[in-house]
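Report on the structure given below.
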Amino acid sequence: MLLIGAAIVLDSFARFALQGLGTPAPVLPTKHLVITGLYRYVRNPMYVGVGAAIFGQALMFGSKELLLYGGLVWLAFHLFIYFYEEPTLRKTFGEEYDVFCREVPRWIPRSRRAPSSFTARQG
């Protein structure tokens, strides 16, 4: 889980820089909505990757404290996304982000990627 989580985070960072022309940091946001790669399956793969890495460490070390920390980190991510990130992205990208939200789940990936009507717009 730790290695998979790290790989997910690295892929997400690369997509932000190369496709979105920005960073995950709110002070230097992307210029384009990133909807390729793992973003076809879940809207927040970077946060999922961080969570997987933390939970992987908890399992590796058998640490209840790390497990609790992982739960608190996920809660903080969820609140940040719900109250800040999603409203900001909705203002910035409008209908494109609304379609993304309708087609791609926030946390739990679907077994299939987003429908072809959505993925065709990824260009």
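Our numbering puts the first residue of the sequence shown at 811, with every later residue one more than the last.
Yeah, the Cβ is synthetic: ideal placement off N, Cα and C, and Gly gets one too.
Computed from a predicted structure; not experimentally measured.
Q. Would you say R791 and R916 are within 7 Å of each other, going by their C-beta atoms?
A. Lying outside 811 to 933, the shown extent of the chain, residue 791 is not represented and no answer is given.
Q: Could you please give the first and the last residue of the uninterrupted alpha helix (DSSP H) stretch that includes F823?
A: 812-828
Q: Can you say whether G804 is buried or exposed, counting buried as having 16 or more other CB atoms within 10 angstroms of its CB?
A: Missing from the structure shown is residue 804; the chain here goes from 811 to 933 and no further.
Q. Start and end of the alpha helix (DSSP H) containing E875?
A. 874-890
**Q.** Where Y892 falls, given that 16 or more other Cβ within 10 Å makes a residue buried
**A.** exposed
**Q.** Close-in-space but distant-in-sequence residues of the same chain around G904 (CB under 7 Å, 5 per side omitted)
**A.** none
(Q) I'd like the list of long-range same chain contacts for V883, defined as Cβ closer than 8 Å, with 5 residues on each side in sequence excluded. (A) V860, G861, I864
Q | Residue closest to E896, alpha-carbon to alpha-carbon, out of Q867, G832, V819, P836 | A | P836
Q: Could you tell me which of L843, A868, H888, F871 sits nearest to Y907, measuring between CA atoms?
A: L843
(Q) What would DSSP say about G933, mapped onto helix, strand or coil? (A) A caution first: G933 carries a pLDDT of 46, below 50, which makes its placement in the model unreliable, though a value can still be read off. DSSP places G933 in coil when its eight states are reduced to three.
(Q) In whole angstroms, give me the CA-to-CA distance for K841 and G832. (A) 6 Å
Q.
So the candidates are L848, D821, G866; which of them puts its Cα closest to the Cα of F877?
A. A quick correction: the sequence has Leu, not Phe, at residue 877. Of L848, D821, G866, the residue nearest in Cα terms is G866.
Q. Could you give the C-beta distance for Y851 and F887, rounded to a whole number, given that I count them as a contact under 8 Å?
A. Y851 to F887, Cβ: 17 Å. No contact.
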